[in-house]
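Q: Start counting the sequence shown at 1; every next residue gets the next number (the UniProt record's numbering). Backbone N, C-alpha and C define an ideal beta-carbon position, used for all residues, glycine too. Just so you know, these numbers come straight off a predicted model, no measurement behind them. This is the structure I want to talk about, given as structure tokens.
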Amino acid sequence: MPQHTTANPLESHRDELIALVHDATYWRLRLRNTDPRNNQNLEANDPDFLPPDTESWAAAEAKFYDRLTAITAVLGTHFPDGVLNTPLETLMPLAALLKLFLNHQHPASSDSRLPASSPYDASDPTQAWNKLDRIWHKLRDHIGRQLHPTLVSLARAPWIKAKAEQQYQVTLQGEHLDDVNSKIWQYLSRSLAGQDTVTGRDCVFNPHYGQAHGQKATVKAWVSKRLWGCVQTVARQEGRNQYGTLRSQRVQIDPDTGATIDPLAQVPDRRPAQPWWEVIQARVAEYREELQNIKPRNKSNHHINAEMVILNRLPPPQDWKILAQRWGCDRTTLERFYQNKCVPWLRDYCEELIDWL
1 MPQHTTANPL ESHRDELIAL VHDATYWRLR LRNTDPRNNQ NLEANDPDFL PPDTESWAAA
61 EAKFYDRLTA ITAVLGTHFP DGVLNTPLET LMPLAALLKL FLNHQHPASS DSRLPASSPY
121 DASDPTQAWN KLDRIWHKLR DHIGRQLHPT LVSLARAPWI KAKAEQQYQV TLQGEHLDDV
181 NSKIWQYLSR SLAGQDTVTG RDCVFNPHYG QAHGQKATVK AWVSKRLWGC VQTVARQEGR
241 NQYGTLRSQR VQIDPDTGAT IDPLAQVPDR RPAQPWWEVI QARVAEYREE LQNIKPRNKS
301 NHHINAEMVI LNRLPPPQDW KILAQRWGCD RTTLERFYQN KCVPWLRDYC EELIDWL
């Protein structure tokens with residue numbers, strides 16, 4: 001007689017959770033008008049763009065909240081046994097999604113859009129809300145323990161250290177690696193809490209990234225890229241401390257002789273380092289006229305320009321909601337203009353600050 005195998009209920013719950021997180025992450029990015037396949041912001045003329053407050057937007061919201069509600073149901077019933085054995089590629093976006101739920105936060109902004117029902121309302125925590133909050137903290141700690149060996153190994157990998165030292169002509173000591181470790185954990189903390197970076201970049205792990213090209217997004221590759229950015233930031237700052245702002249640039253090699261080209265060879269003035277926001281302020285002032293001509297596409301928003309937006313997002317940054325009210329525009333439009341027009345300009349004209357942007 002044929003033997004029948006009984007499905008493991010824990011595996012069934014795990015597979016269900018993976019599918020729900022995968023879908024919820026997709027709809028979260030769609031509501032942010034971000035292409036899940038490549039993390040690129042969608043323009044208003046893109047066929048996949050979701051105009052806020054339309055039927056298509058409402059349908060996307062409904063799908064997102066449907067998955068989010070189902071996720072909380074699985075967590076409330078099957079945590080930890082049916083959850084913590086899932087891959088980090090699921091656990092990391094899961095933590096961000098759960099934090100959005102707990103913070104009563106819409107996926108496309110910091111606005112409160114979730115229904116004010118008992119488990120959603122952080123202002124009046126219920127037993128259900130408190131249980132989910134405890135689950136998030138346990139989830140965060142579990143992810144931290146899982147990532148710790150990888151981060152320690154990567155941060156102290158000789159090739160990473162040597163590459164940064166060669167690029168910026170510095171020697172990285174133990175305290176520099178501690179600084180790298182601190183920066184990457186700060187980034188990860190924001191990621192697991194579903195928060196953007198200080199410049200408004202989404203830092204939540206995206207399991208859909210690269211699928212259009214047959215690639216598979218992995219946490220190890222994602223973390224490695226972010227850690228390398230932190231190593232570059234620390235090495236650049238050390239070069240700036242030792243040699244001034246010019247030496248913090250990447251080292252160039254003479255193609256004919258193979259000798260290192262010293263950017264300070266003909267420059268006697270070695271100025272002290274500046275805070276990154278002061279560098280941006282100076283660059284904005286230098287190209288003020290150009291920035292004033294960079295405006296949103298919609299003519300009704302032509303009173304807004306890149307200079308205004310960039311300066312208002314420097315420390316202490318003005319909240320997007322406040323700026324939108326002040327300038328009489330939609331918050332989503334303002335954030336998209338910053339990401340699509342302002343950030344690329346900053347990357348071109350403030351290349352030495354690339355890891356901050």
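Which residues mark the beginning and the end of the alpha helix (DSSP H) in which Thr86 is found?
A: It is not in any alpha helix (DSSP H) - Thr86 carries neither H nor E in the DSSP assignment.
Q: Closer than 6 Å by C-beta to Glu16: which residues in its own chain qualify, once you throw out the five before and the five after it? Chain order, please.
A: Answer for Glu16: no residue qualifies.
Q: Apply the 10 Å Cβ neighbour rule to Gly194 and answer buried if 16 or more other Cβ atoms are within range, or exposed otherwise.
A: Counting Cβ neighbours within 10 Å, Gly194 comes out buried, since at least 16 surround it.
Q: How should His213 be labelled, buried or exposed, when 16 other C-beta atoms within 10 angstroms of its C-beta is the threshold for buried?
A: Exposed, since its Cβ has fewer than 16 Cβ neighbours within 10 Å.
Q: Nearest CA to the CA of Tyr65: which residue from Arg37, Val21 and Leu50?
A: Here the closest residue by C-alpha is Val21.
Q: With H, G and I counted as helix, E and B as strand and the rest as coil, what does DSSP make of Thr54?
A: The answer is coil: DSSP assigns Thr54 none of H, G, I, E or B.
Q: Considering residue 359, what are the terminal residues of the alpha helix (DSSP H) in which it resides?
A: What is shown of the chain runs 1 to 357, which leaves residue 359 out entirely.
Q: Would you kindly check if the distance between the Cβ of Arg28 and the Cβ of Leu97 is under 9 Å?
A: Yes. Within cutoff.
Q: My guess is that Leu88 and Arg140 are in contact by the Cβ rule of under 8 Å, so how many angstroms apart are they, rounded?
A: Wrong, their Cβ atoms sit about 12 Å apart, outside the cutoff.
Q: Evaluate Ser117 with the Cβ neighbour count: other Cβ atoms within 10 Å of its Cβ, from every protein chain shown; 16 or more gives buried, anything less gives exposed.
A: Residue placement at Ser117 cannot be trusted, given a pLDDT of 44 that sits under 50; the coordinates are not used to answer.
Q: Below 8 Å on the Cβ atoms is my contact criterion, and I expect Val180 with Val231 to pass it. Report the Cβ-Cβ distance as a whole number of Å.
A: 5 Å between Cβ atoms; contact.
Q: Can you grab the Cα-Cα spacing for the pair Gln167 / Ala95, in whole Å?
A: Distance between the alpha carbons of Gln167 and Ala95: 36 Å.
Q: Report all residues from its chain with a CB closer than 7 Å to the CB of Thr171; omit the five preceding and five following residues, and keep chain order.
A: Closer than 7 Å at Cβ, skipping near neighbours: Glu165.
Q: Grab me the residues of residue 359's own chain with a C-beta within less than 8 Å of its C-beta, minus the 5 sequence neighbours each way, in chain order.
A: Nothing about residue 359 can be reported from this structure: the residues present for the chain run from 1 to 357 only.
Q: With a threshold of 8 Å, establish whether the CB of Leu98 neighbours any heavy atom of the ligand COA.
A: Absent from the structure shown: the ligand COA. Ligands present: none.
Q: By the 10 Å Cβ neighbour count, where 16 or more other Cβ atoms means buried, how is Val152 classified, buried or exposed?
A: Counting Cβ neighbours within 10 Å, Val152 comes out exposed, since fewer than 16 surround it.
Q: Enumerated in chain order, which unbroken segments of the alpha helix (DSSP H) with a length of 4 residues or greater are wholly contained in the segment 145 to 209?
A: Listed in chain order, they are 158 to 168 and 174 to 192.
Q: So, helix, strand or coil for Pro268, using DSSP?
A: Interpretation of Pro268 is limited by its pLDDT of 42, a score under 50 that renders its predicted location unreliable; the figure taken from the coordinates is listed afterwards. It is coil, neither helix nor strand.
Q: One question on the structure: do Asn206 and Pro93 come within less than 9 Å of each other, judged by their Cβ atoms?
A: Against a cut-off of 9 Å, the Cβ pair of Pro93 and Asn206 comes out as a contact.
Q: Within its chain, find whatever has a CB closer than 8 Å to the CB of Leu132; leave out the 5 residues flanking it on each side and keep chain order.
A: Same-chain partners within the cutoff: Thr72, Leu75, Gly76, Leu98, Phe101, Leu102 and Pro119.
Q: What are the partner residues of Asn41, as DSSP defines its beta bridges?
A: Looking at the DSSP assignment, Asn41 forms a beta bridge with Thr34.
Q: Below 9 Å between beta carbons: does that hold for Cys342 and Ala306?
A: Yes, they are a contact pair.
Q: Buried or exposed for Lys161, please, with buried defined as at least 16 other CB atoms from any protein chain shown within 10 angstroms of its CB.
A: By the neighbour-count rule (16 or more Cβ atoms within 10 Å), Lys161 is buried.
Q: Is it buried or exposed, Gly239, if we count other Cβ atoms within 10 angstroms and call 16 or more buried?
A: With 16 or more other Cβ atoms within 10 Å, it is buried.
Q: Taking 6 Å as the limit between beta carbons, can you name the residues of its chain near Lys295, skipping five residues before and five after?
A: Closer than 6 Å at the Cβ level, and outside the excluded window around Lys295, lie His302 and Asn305.
Q: From the DSSP output, in three-state form, read off Pro317 for me.
A: Coil, per DSSP.
Q: Assign Tyr108 to one of three DSSP states: helix, strand, or coil.
A: The sequence shown places Ala at residue 108, rather than the Tyr named in the question. Coil at Ala108, not helix or strand.
Q: Looking only at its chain, what residues have a beta carbon closer than 7 Å to the beta carbon of Pro51, apart from the 5 residues adjacent to it on each side?
A: Same-chain partners within the cutoff: Trp57.
Q: Spatial neighbours of Thr90 within its chain, please: CB distance less than 6 Å, with the 5 preceding and 5 following residues excluded, ordered by chain position.
A: The answer, listed in chain order, is Ile18 and Val21.
Q: Can you check whether the CB of Leu177 is closer than 9 Å to the CB of Gly144?
A: In this structure, Leu177 does not lie closer than 9 Å to Gly144 by Cβ.
Q: Does any residue of chain C bring its CB to less than 9 Å from the CB of Ala235?
A: Absence of chain C from the displayed structure is noted, only one protein chain being present.
Q: Let me make sure I understand the geometry here. Which of Tyr349, Arg336 and Arg134 has the alpha-carbon closest to that of Leu31?
A: The candidate whose alpha carbon is nearest that of Leu31 is Arg336.
Q: Using CA atoms only, rank isn't needed, just tell me which of Asn130, Asp53 and Asn33 is closest to Asn45.
A: Ranking Asn130, Asp53 and Asn33 by Cα distance to Asn45 puts Asn33 first.
Q: From Ile280 to Phe79, what does the alpha carbon distance come to, in whole angstroms?
A: Looking at the two C-alpha atoms, the distance is approximately 46 Å.
Q: Return yes when the Cβ of Tyr26 is within less than 9 Å of the Cβ of His208, no when it is not.
A: Against a cut-off of 9 Å, the Cβ pair of Tyr26 and His208 comes out as a contact.
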